[in-house]
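First the structure, in the form of structure tokens, and then the observations on it.
Protein chains in written order, with this note's numbering: chain A, 17 to 363; chain B, 17 to 363; chain C, 17 to 363; chain D, 17 to 363.
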């Protein structure tokens with residue numbers, strides 16, 4: 017059994033980790049920490065856990081939890097993890113960080129988008145970007161895994177095949193992304209109240225969202241040179257789910273059959289990517305609660321533009337599920353173990 | 017492995033059965049039938065099943081399916097099952113009927129509430145009412161199990177302990193029930209459209225809902241004499257979940273501690289009933305997607321009235337999950353097998 | 017033109033007052049105050065007001081606003097209004113208080129339910145309970161109008177005819193009430209976040225909600241002696257609307273035709289009460305955004321229990337619309353002026 | 017008073033017309049027709065109309081209604097209006113058609129997208145495209161007004177200023193559009209049921225939606241030559257509202273101040289277009305129930321791409337409100353009369 021701890025388990029990704037790790041056949045969840053909830057039993061916060069996980073939240077430090085666990089998951093605000101993680105912590109345990117601190121290779125880009133200095137730039141070279149579909153081999157031996165952002169996961173999985181074969185013009189790429197409200201976290205803010213989100217749809221972070229450099233980093237790697245694109249997030253009045261609609265101008269005359277085949281080949285070994293049949297497009301409900309990323313591909317026959325639609329559950333494949341997937345890979349388990357429960361429909 | 021078939025798998029309870037049986041470790045789902053969807057693969061209807069269950073819907077008859085399976089689940093409109101199920105079918109297979117046809121022991125009461133003659137009154141004596149908390153022993157050897165209705169499950173579990181010890185006046189009992197929209201099924205009707213249900217709350221079937229006689233039958237059995245009560249259902253703009261708020265006038269001076277203890281004792285062997293701590297009341301989100309029934313109990317100190325609040329997922333404990341629970345009991349499996357996946361939160 | 021001011025205009029009832037008073041043909045909205053928003057223009061907070069009301073929030077005191085206005089509306093937390101309103105303020109202006117401070121005639125009952133001393137018990141005798149259907153005449157000459165609570169309005173309007181003629185046993189009365197989330201106000205709290213309310217239904221304040229004594233006060237007046245009842249509120253995942261389902265045991269043999277006729281007579285002069293035809297029950301969508309209270313009546317033929325269902329918009333008839341109605345009555349306008357805009361459907 | 021009739025009043029746009037025309041100070045609503053609802057009183061279908069509009073639906077023909085009314089509004093499926101409207105009808109009355117039949121000037125393009133021959137191509141030359149912001153003068157004297165589609169209205173208003181001054185490359189234009197469910201109409205279909213839409217987000221009609229040629233027709237006119245663009249609609253789990261996010265590559269070096277000034281000048285005389293301040297973007301809730309179109313403009317400083325976000329209520333500015341606006345213009349009334357009621361918030 018893998019001994020696991022969750023640092024900062026009071027939010028939605030933390031709660032989702034408790035659920036997934038409690039049900040995981042090879043994991044013993046040892047510690048769940050939360051400064052604000054210390055002393056409270058998990059079911060008092062998440063009624064669904066009554067009889068499933070009766071652990072109490074503690075105020076254990078990262079260092080203490082690391083010493084007691086084989087793996088720790090960090091669900092902390094940006095800027096905190098990079099101050100808490102040290103060489104010594106990494107000697108004790110595998111760290112899977114669900115925050116942003118170790119995702120960007122370049123600390124200056126981090127500083128530019130997050131408006132704070134990076135707390136441990138010397139650790140960045142050993143951090144592995146935890147998107148299994150692109151970096152499975154490195155994840156398998158990483159001690160510090162930077163779990164991707166939610167928008168990022170859907171965006172990169174949508175476009176990596178096109179960038180990797182230079183099938184599109186990078187400068188033409190637009191990602192129009194839509195997310196359920198849980199993507200914004202569990203901190204009480206007026207803008208996240210029921211009456212402010214229900215029956216409303218809006219764009220936010222227009223041309224300025226922090227997931228942009230993360231998407232560009234990974235697609236630049238896939239492309240072989242630095243790329244820039246436009247990314248616009250929107251807020252959908254639903255709990256969970258991200259849908260991205262990506263647009264790109266093709267470079268050559270690859271047919272849709274060739275494009276589709278290439279996607280299937282690209283994701284041949286990826287158990288959680290489902291390339292949908294022609295004419296079928298993803299819907300967030302079909303992946304809700306699951307670790308799948310569904311991808312549909314079309315071409316606008318009039319403008320020749322490629323359109324790629326992808327859907328994930330932002331808290332599963334976009335956060336906690338992918339973290340467990342990374343843990344599975346790192347500990348030599350089958351990638352899908354503990355992640356096969358079906359989507360509930362209607363959601 | 018138990019060979020299983022689902023008759024009428026195109027609706028919400030059918031879809032939920034596909035999900036639960038596909039993931040059940042001791043079940044081989046052999047057949048899913050639907051006249052309207054025959055020839056279609058399950059993932060074309062439920063995108064979530066892609067890679068999980070790729071069976072095609074067939075138009076196999078009840079008789080054919082019964083011959084090929086150890087157990088068949090019926091998800092049919094009322095009036096159909098009682099015409100399809102025969103002695104010969106029951107010799108071939110165990111039948112778990114999710115419809116109303118075999119729930120009421122008295123065919124006249126059936127006729128009165130469903131406005132149609134019962135198709136096979138001679139089979140009623142062998143039908144067992146499939147509420148494990150009350151009839152576990154009989155279910156274990158039943159060939160024909162009548163799975164309870166959704167409102168019914170929450171209502172009976174809320175009140176059976178009070179009736180069984182005559183702690184309340186039966187004539188004082190009111191059940192004010194609220195259900196998510198999936199309880200109304202998947203047949204397209206104007207009143208079930210998104211724009212007709214969203215941002216709306218209403219009562220319906222006031223003093224005339226068909227689950228009333230079913231609740232009364234079981235509570236009369238618990239009480240030892242015939243009882244009548246008032247039951248009012250309401251429609252909540254959410255996909256899943258039932259919450260019942262039940263009111264009753266206590267007969268004697270039992271303290272709340274005694275009442276609570278009695279509930280805990282009554283449900284001691286029921287793995288899916290959770291009696292909540294004092295001052296905590298059920299919320300549908302905490303049971304969504306799970307087979308739990310959460311129950312909270314209070315007393316209005318000013319009027320002395322007892323108030324019992326219960327929550328279930330109408331498609332799981334209120335339908336398909338309970339059907340699987342019944343199958344587990346009938347086939348000698350642990351009652352909870354295949355039913356332990358946690359609730360997703362936020363739902 | 018009536019010069020009007022709103023004290024504490026940052027919440028949902030305050031916003032609704034801005035909307036209604038901006039569109040009112042005989043009102044000049046002079047001042048909107050909010051300590052937290054002072055200096056901000058209304059459209060920056062409520063984008064819908066751009067071009068409709070471009071006033072800035074100020075930090076004017078009650079005293080200053082009273083001196084400049086013919087009427088002031090208070091949308092303040094309980095305990096504040098009773099400290100701000102003085103004889104001198106009431107000499108300057110008509111006060112319509114949307115909070116709880118002046119609703120209960122007995123300051124001890126106030127103290128018991130609100131856990132704070134009343135700030136100005138000497139003013140209570142002149143406060144008029146602002147439910148036009150019951151107190152129209154006194155409202156017409158009141159200087160201090162206590163606007164009823166939202167649950168209270170629906171509950172009292174549902175039951176006053178039955179109590180006034182002693183058609184039911186008071187001790188048998190149960191009000192099972194359901195509200196949209198805006199009833200809980202606009203202060204950011206975890207429990208009011210989108211992801212905590214969406215796809216959820218729950219009871220709260222079981223046998224302990226503060227609207228109980230207010231309902232009892234008015235129904236006791238209607239009945240002629242002191243009554244106690246059971247009141248249970250629930251939270252519905254929608255923005256607006258209250259639906260109450262009330263149960264009562266009839267005293268005598270009044271037929272449903274007689275009961276219905278009595279309701280129609282009782283509300284003959286009430287332009288905002290609609291008694292629905294037999295077999296038709298209220299739905300919150302039909303009153304959303306309007307000042308109507310819809311009432312449907314039925315009898316459970318099996319248990320003889322009377323069931324009264326009522327629906328209002330909690331922010332209109334349950335708060336700001338009723339406040340404008342009270343203003344209309346107090347200033348000698350037609351009761352409906354400024355309140356006739358139709359409900360938008362789908363809502 | 018203008019005598020008005022609504023043909024096909026059973027759907028959402030029909031219902032919205034009843035609401036708006038019933039409250040319009042210069043309109044007498046004479047006739048509402050619906051084959052399926054003939055003989056039913058409006059409040060039986062729309063409970064909100066009780067006491068507001070008590071008309072009965074009739075089965076009057078277009079010809080009969082035309083003879084009795086100054087203006088008739090058609091809310092019919094495509095292909096029907098073009099068969100019902102004749103020269104003789106147009107001599108009797110002003111026709112405002114909310115359907116698609118008279119929007120496209122070229123009957124071949126109509127045939128290509130709607131897969132049916134046009135029923136009266138000879139009337140197309142006199143049909144005026146009823147978007148007041150572009151064609152106010154012609155509307156004022158038109159006998160046949162083709163009211164624009166919902167997506168179309170938001171899309172064209174977003175982009176017309178850019179096309180009219182050739183500030184962008186037409187081939188670079190992408191419109192990513194999102195609509196509430198009422199845009200799909202009131203005919204009962206499985207895909208429009210509450211449980212199929214709630215908690216879901218999806219794209220549909222990818223690169224093939226029928227509003228595309230309508231947008232292109234009007235933007236081609238604005239540009240001075242034929243243009244083609246990519247348009248992708250999505251379905252949002254809310255009742256009302258459209259938000260479009262449009263992307264375009266600028267041709268020259270116009271600054272954002274210049275672009276914003278041009279938008280303000282372009283819409284100087286348009287009472288229902290609100291250009292939002294820098295950094296503020298539209299939200300559908302702020303226009304819900306109103307006839308406003310809110311527009312926000314930004315430039316991606318990294319890719320130089322222009323991003324225009326617009327929001328309307330699909331049933332008001334996107335359908336029935338705009339139809340009333342067209343009527344106002346046609347009958348010499350102030351453009352805003354009957355359309356000034358505020359948005360309800362929370363919606």
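Here a beta-carbon is modelled for each residue, glycine too, at the ideal position from N, C-alpha and C.
Assumed close pair residue 119 of chain B, residue 345 of chain B - CB separation to whole angstroms, cut-off 8 Å: The Cβ separation is near 17 Å, so there is no contact.
Boundaries (first-last residue) of the alpha helix (DSSP H) holding residue 282 of chain B: 272-282
DSSP state of residue 69 of chain C mapped onto helix, strand, coil: coil
Beta carbon proximity, residue 363 of chain D to chain C, threshold 8 Å: yes
Sub-8 Å separation of residue 263 of chain D and residue 328 of chain D beta-carbons: no
Positions along the stretch 259-291 of chain D whose CB lies within less than 8 Å of some CB in chain A: 259, 261, 263
Proximity to residue 26 of chain B [Cα-Cα], best of B/18, B/71, B/43: B/71
Backbone CA spacing between residue 260 of chain C and residue 48 of chain B [nearest angstrom]: 42 Å
Reduced DSSP secondary structure (H/G/I, E/B, other) of residue 263 of chain D: strand
With 16 other Cβ atoms within 10 Å as the buried cut-off, status of residue 352 of chain B: exposed
Beta-bridge pairing of residue 218 of chain D - partner residues as DSSP gives them: A/299, D/251
Close-in-space but distant-in-sequence residues of the same chain around residue 137 of chain C (CB under 7 Å, 5 per side omitted): 123
Members of the stretch 174-186 of chain A that neighbour chain D once the beta carbon cut-off is set at 9 Å: none
Beta bridge counterpart(s) of residue 89 of chain D as assigned by DSSP: D/22, D/112
Short-range partners of chain B found in the stretch 313-335 of chain C, where Cβ spacing is below 9 Å: 314, 315, 316, 317, 318, 319, 321, 323, 325, 327
Chain C within 8 Å of residue 39 of chain D, Cβ atoms only: yes
Contact list for the stretch 211-224 of chain C against chain B, Cβ threshold 8 Å: 211, 212, 214, 215, 216, 217, 218, 219, 220, 222, 223
Within 8 Å, strictly: CB atoms of residue 33 of chain B and residue 336 of chain B: yes
Beta-carbon separation (whole angstroms), residue 174 of chain D vs residue 326 of chain D, contact threshold 8 Å: 4 Å
Under 8 Å between C-beta atoms of residue 358 of chain A and residue 104 of chain B: no
Proximity of residue 223 of chain D and residue 314 of chain A at Cβ, strictly below 8 Å: yes
As assigned by DSSP and simplified to three states, the class of residue 178 of chain C: helix
Selection from B/109, B/135, B/229, B/233 that minimises the alpha carbon distance to residue 347 of chain B: B/109
As assigned by DSSP and simplified to three states, the class of residue 17 of chain C: coil
Proximal residues to residue 126 of chain D (C-beta, below 7 Å), its chain only, five neighbours per side dropped: 120, 134
Cross-chain neighbours of residue 257 of chain D in chain A, by beta carbon under 9 Å: 215, 216, 217
Length of the line joining the Cα atoms of residue 117 of chain A and residue 343 of chain A: 18 Å
Inter-residue Cα distance where the pair is residue 171 of chain B and residue 300 of chain D: 40 Å
Beta carbon of residue 84 of chain C nearer than 8 Å to that of residue 22 of chain C: no
Proximity below 8 Å, CB of residue 249 of chain D to CB of residue 187 of chain D: no
Alpha helix (DSSP H) segments (min. 4 residues) lying fully within the stretch 302-354 of chain D: 337-346
Given 8 Å, three or more beta-carbon pairs between the stretch 273-280 of chain B and the stretch 267-283 of chain C: no
Segment limits, alpha helix (DSSP H) that includes residue 35 of chain B: 28-39
Cβ shell of residue 130 of chain D (< 8 Å), same chain only, five flanking positions each side left out: 94, 95, 116, 226
Exposure label - residue 67 of chain A; buried when at least 16 CB within 10 Å: exposed
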